[in-house]
Amino acid sequence: MKYKILSNTPLREGLELFDMRVCAPDFNALPGQIAHFLCGEGTTLRRPLSVCDCYSQSGMQIARFCYEVRGKGTKWISERIAGEEVDILGPLGHGFETVDGAKAVLVGGGIGIYPLMSLSRIYGKNAVALLGFRDAAHINLTEDFEAYGTEARVITDDGSSGRQGFVTVLLDEALKSGGYDIIYVCGPKPMMAAVSKIAEKYGVRCQVSMEEHMACGVGACLGCVCQTMLADGNHGYKRVCVDGPVFESSEIIWEAAK
Amino acid sequence: MEQKNLDLSVNFAGVTLKNPVTTVSGTCGTGKEYANFYSPEQLGAISVKGMTLEPRDGNMPCRIAETPAGMLNSIGLQNPGVHAFIKNELPRLEKCGAVVIANVAGNTEEDYCKIAEVISETSVAFLEMNISCPNVNHGGAAFGTDAATIERLTKNVKAHCSKPVIVKLSPNVTSITDMAKAAESGGADAISLINTLLGMRIDIKTKRPVLHRNVGGFSGPAVFPVALRMVWQVRNAVSLPILGIGGISNADDAIEMMMAGADIIGVGTAMFANPMAPIEIIDGIKQYMIKNGIERVTDITNSVIPWEN
Ligand SMILES: Cc1cc2nc3c(=O)[nH]c(=O)nc-3n(C[C@H](O)[C@H](O)[C@H](O)COP(=O)(O)OP(=O)(O)OC[C@H]3O[C@@H](n4cnc5c(N)ncnc54)[C@H](O)[C@@H]3O)c2cc1C
Ligand SMILES: Cc1cc2nc3c(=O)[nH]c(=O)nc-3n(C[C@H](O)[C@H](O)[C@H](O)COP(=O)(O)O)c2cc1C
Ligand code: FES
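In order, the protein sequences belong to chains A and B. Residue 238 in the numbering used here sits at position 238 of the first sequence, with consecutive numbering throughout. Residue 137 in the numbering used here sits at position 137 of the second sequence, with consecutive numbering throughout.
Encoded structure:
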């Protein structure tokens, strides 16, 4: 499906982070679902991006994608301008499950903070966002969480802004004080593995958004699998594009997720 | 020319296909994954994901790497086993009237024969012997790179199979025509080619190969000229019908492949960017026929006029 770009601008000057909004009348993405972007010349495969947010404004349905320029695909996406069209497959996959009346912790690291935005829209002040960045210069999007009523607590690897350390420190503190029913996490695998462990320690349900290289995006090629614990107790591969990207953290075999 | 006079049907190894466009094994699941785009009965045939007798987990991720104009995969024949396919997937394909090619692989020659017996009892139209998977340690390409083995294995499988047998050749050989001739002497009913070329990518930041298995199968537009050349050589070496595969992304590629000698063609990697590719290719072939006054699609096959040298 082709969608018209409304805007595609840097999230913060000097960073290779972008914020794209497209007019998407029939694109009803649930939190955590993904979109598979067709990129230009020189790419064979589409590029998966999480739906950052999906909302309506003056009667128009808008899908938002935030992304970092990594290689030629995301570079190509970043060069598209308002008025052009992008070809997106989606929304794809199994997203985050939201629980009525629950109090949530949103845990994000780096580009992993983006899929949490639509949870912030739903949970508002009933969620706290624990956001980890490399350094002060890389902090972005915190005010958008605040705008939805979600308190954003920031921590940086080097302490140049907010606390110093990893989001796991903030999570441990939050869970110690109690009152949370569910954790949602997206970020680098070692971080998600650590968060999953903490969730287990406190006995709080935790959903993770996994990342793997993808080809088809529709479940056909078995390219995007991650190792999981199946209902029968055996290990088995599940597809990030249709069975995920969101899984219960207890399902993931973290030793296999490198 | 009137659209209604167009004949897109092809008799392939005794089975009538409504058009010459198929989707290839490993790229189209069992058809249902693309249900939002088209239904498998719109195709000439669908070759389902490679099956083994017992379920297989497949390889550790990362399984996918992009390359200029192509990709590498190292799926490693992840599949639920032939019996699960017959129970859970085949009824749906039967119901919609799809022509099914069962792509099968074994660790041993005995496996191939057993699976052939199982498939013979079903409504599947063809058995496709995958002797060319580069992503497994046992079986796979090990069978497909030696002419004597291909001939013996084909003969054995034929003796256990009531369906037409397609032998899928590996391009990772010195002489593709020797392999095709071996399949023909073994009694194959048709040949499909090419499976993937063996390739590799390294992440220069980590010094690690992108694929966890280090190497994987190379497919996509980049392999098209290699596939085309091999189909042309095989066309001139054997008289079996040919399913031409490798890097086809649009109707022009498909027509080129047929001109080189393919009776029918297969679309794979192109679907990942464009899920509608197979349907657009069928339409494009129709347009080409109308424009050039060709009534029967079979007239395109082998119509290349090579230069005399
Ligand atoms: C489920 C999911 C959700 C994602 N959501 C976001 C998001 O919201 N924002 C964001 O900035 N990024 C996100 N990513 C990561 C994004 O897909 C990659 O950064 C992007 O594919 C890189 O493409 P490239 O051409 O720029 O880089 P290249 O390095 O040139 O890509 C080469 C190939 O590797 C693949 N690849 C490289 N890195 C990754 C990666 N980390 N994950 C998956 N495939 C990769 C590419 O898709 C491509 O096929 C997500 C990934 C997944 C799997
Ligand atoms: C992800 C993937 C999985 C594949 N799995 C199989 C398989 O199970 N059996 C098989 O015979 N070929 C398999 N192949 C090879 C394709 O069927 C085809 O021969 C090859 O990809 C070349 O065609 P293409 O360039 O159009 O993709 C696979 C290819 C890809 C990309
Ligand atoms: S990307 Fe093909 S199965 Fe997920």
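Cβ coordinates follow ideal geometry from the N, Cα and C atoms, glycine included. Just so it is clear, the structure is predicted and the values come from calculations on it, not from any experiment.
Taking all protein chains shown into account, A/Ala82 has fewer than 16 neighbouring C-beta atoms within 10 Å of its C-beta and is therefore exposed. Neighbours of B/Glu109 in chain A, taken as residues whose beta carbon is under 9 Å from its own, are absent, since the nearest beta carbon is some 26 Å off. The criterion of a C-beta distance shorter than 8 Å is satisfied by B/Phe218 and B/Gly70. With contacts defined as CB atoms closer than 8 Å, A/Gly95 and A/Val218 fail to qualify as a contacting pair. Identification of chain B residues near A/Val195 by a Cβ-Cβ cut-off of 8 Å yields none; the smallest Cβ-Cβ distance measures about 20 Å.
Closer than 7 Å to some heavy atom of ligand 1: that describes the Cβ of A/Lys72.
Every beta strand (DSSP E) of 3 residues or more that sits fully in the region 140–165 of chain A is shown, in chain order, as 151–156. Note that the region 18–30 of chain B touches the region 258–272 of chain B; at least 3 beta-carbon pairs, one per stretch, sit closer than 8 Å. Set against 7 Å, the gap from the CB of A/Leu45 to the closest heavy atom of ligand 1 is smaller.
Here B/Trp307 is exposed, its C-beta having fewer than 16 other C-beta atoms within 10 Å. Classified as exposed, A/Asp181 has fewer than 16 neighbouring CB atoms from the shown chains inside 10 Å of its CB. For B/Asp178, the closest C-alpha among the options B/Met230, B/Pro55, B/Asp189 and B/Asp203 is that of B/Met230. Annotated three-state conformation of B/Asn79 is strand, per DSSP. Interface flag for B/Asp203 against chain A is unset, since no Cβ pair is found closer than 8 Å. For the region 257–272 of chain B, the residues whose beta carbon sits under 8 Å from a beta carbon of chain A are, in order, Thr269, Met271 and Phe272. Note that the C-beta distance between A/Ala102 and A/Gln61 is not below 8 Å. Distances between the C-beta of A/Glu211 and the heavy atoms of ligand 1 include at least one below 7 Å. Contact between the region 52–59 of chain B and the region 193–203 of chain A is absent: fewer than 3 CB-CB pairs across the two stretches fall below 8 Å. In this structure, B/Lys163 keeps its C-beta atom at 8 Å or more from the C-beta atom of B/Val136. Setting aside the 5 residues that flank it on each side, B/Asn130 is surrounded in the same chain by Gly50, Asn103, Ala105 and Lys168, each with a C-beta closer than 6 Å to its C-beta; the list follows chain order. DSSP places B/Met129 outside any alpha helix (DSSP H); the residue lies instead in the beta strand (DSSP E), whose first and last residues are Phe126 to Asn130.
Per DSSP, the continuous beta strand (DSSP E) segment holding B/Ala65 begins and ends at Ile64 to Thr67.
Note that the region 149–157 of chain A touches the region 166–176 of chain A; at least 3 beta-carbon pairs, one per stretch, sit closer than 8 Å. With its beta carbon less than 8 Å from one in chain A, B/Met71 belongs to the interface.
Taking all protein chains in view, the Cβ of A/Pro91 is crowded by 16 or more other Cβ atoms within 10 Å, so the residue is classified as buried. In this structure, ligand 3 has no non-hydrogen atom nearer than 7 Å to the beta-carbon of B/Cys28.
No heavy atom of ligand 1 is found nearer than 7 Å to the CB of A/Met191. Under a criterion of Cβ atoms nearer than 8 Å, the residues of chain B adjacent to A/Cys226 are, in order, Pro61. Taking 8 Å as the threshold, the shortest C-beta distance from A/Val86 to chain B does not fall below it. Beyond the five residues adjoining it in sequence on each side, B/Gly261 comes within less than 8 Å, by CB distance, of Val231, Trp232, Val234, Arg235, Asn236, Ile242, Gly244, Thr301, Asn302 and Val304 in the same chain, given in chain order. If you draw a straight line from the Cα of A/Val167 to the Cα of B/Tyr34, it is about 39 Å long. Runs of the alpha helix (DSSP H) spanning 4 or more residues and lying entirely within the region 89–117 of chain B occur at 90–96, in chain order. Pairing B/Pro278 with A/Met192, the inter-Cα distance amounts to about 39 Å.
At a Cβ-Cβ threshold of 8 Å, B/Gly216 and B/Ala65 count as neighbours. Sequence-distant Cβ neighbours of A/Gln33 in its own chain, meaning closer than 6 Å and more than five residues away, are Val51, Pro91, Gly93 and Gly95. Short note on A/Ser118: C-beta not closer than 7 Å to any heavy atom of ligand 1.
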